[in-house]
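Each residue of the sequence shown is one higher than the last, beginning at 18 in this note's numbering. For every residue, glycine included, the Cβ atom is placed at its ideal position computed from N, Cα and C. Every value quoted in this text rests on a predicted model; they were computed, and no experiment measured them. The block underneath contains the structure these notes are about, expressed in structure tokens.
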Amino acid sequence: MFLYRFIITISISLCFSAYGYSQQYNYYFGDIHTHSSYSDGNDDHILTTPYEDFNYAKKSLHFDFLGISDHNHMLSPLNFHKGLNDADSANENGKFVCLFGIEWGLFANGHVVIYGYDSLIGWEPGNYDVYNSETDYAGLFEKIAASQSAFALLAHPSTKHFSNLISSDYYSDADEAIVGMPYRSGKAYSTD
18 MFLYRFIITI SISLCFSAYG YSQQYNYYFG DIHTHSSYSD GNDDHILTTP
68 YEDFNYAKKS LHFDFLGISD HNHMLSPLNF HKGLNDADSA NENGKFVCLF
118 GIEWGLFANG HVVIYGYDSL IGWEPGNYDV YNSETDYAGL FEKIAASQSA
168 FALLAHPSTK HFSNLISSDY YSDADEAIVG MPYRSGKAYS TD
């Protein structure tokens with residue numbers, strides 16, 4: 018029996034490697050969850066706009082990308098669209114990737130980092146392009162999943178966040194929208 022399992026395991030391994038399943042991956046370094054002066058970032062007052070933040074990060078010897086996700090409820094639609102333009106202007110194809118998006122939500126319910134969505138999602142009157150109630154995570158994930166280019170990350174999650182998503186039944190829109198979450202969070206207001 019042992020020999021039979023061994024032969025099956027080797028055969029499956031050879032099949033996968035023959036069909037390219039043993040491909041090589043690249044590693045990229047950067048920060049996917051930062052903030053600019055457009056919300057609550059830049060406590061060090063060295064930089065003021067996302068464009069300046071991107072250029073600062075590009076000068077680092079160890080960054081391949083920078084994602085700025087300003088809080089939606091602290092961000093005006095005008096600054097949101099400026100941030101998207103800053104990311105497009107600072108991006109260097111093949112060298113450095115600049116992402117600009119939002120961190121949506123309130124701390125008590127959980128924050129969702131969103132990139133690739135070209136409209137500011139929010140709930141405060143006059144402070145959004147697309148309305149979504151502050152507690153409607155199902156509606157948020159539906160909007161992200163319906164977009165061709167948007168994706169989400171769960172920011173500093175807790176088990177009760179995101180309308181108890183962790184203990185809910187399978188939800189296909191959330192599955193399509195969410196691509197990751199941090200396994201560890203640092204200090205919230207560190208300038209180190």
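On a CA-only basis, which of the options is nearest residue i? Give me that one, please.
i: Phe82; options: Leu123, Pro94, Ile49; result: Ile49
i: Glu141; options: Pro94, Tyr132, Tyr55, Tyr187; result: Pro94
i: Ala155; options: Tyr45, Asp190, Thr66; result: Asp190
i: Gly53; options: Phe46, Tyr44, Asp87; result: Reading off the sequence, residue 53 comes out as Ser, not Gly. Of the listed residues, the one whose Cα sits closest to Ser53 is Asp87.
Under the assumption that residue i contacts residue j (Cβ atoms under 8 Å), give the Cβ distance between them as a whole number of angstroms.
i: Gly197; j: Leu170; result: 5 Å
i: Leu101; j: Phe113; result: In fact, because the Cβ distance is near 17 Å, the residues do not count as touching under 8 Å.
Exercise for the section: Write down every uninterrupted run of the alpha helix (DSSP H) in the segment 57 to 121 whose length is 4 residues or greater and which is fully enclosed by it, in chain order. Expected result: 67 to 75, 94 to 107
Handout entry: Inter-stretch contact at 8 Å, needing at least 3 Cβ pairs: the segment 97 to 108 / the segment 69 to 83
Key = yes
Exercise for the section: With a floor of 3 residues, list each beta strand (DSSP E) that falls wholly inside the segment 125 to 187, ordered by position along the chain. Expected result: 128 to 132, 168 to 172
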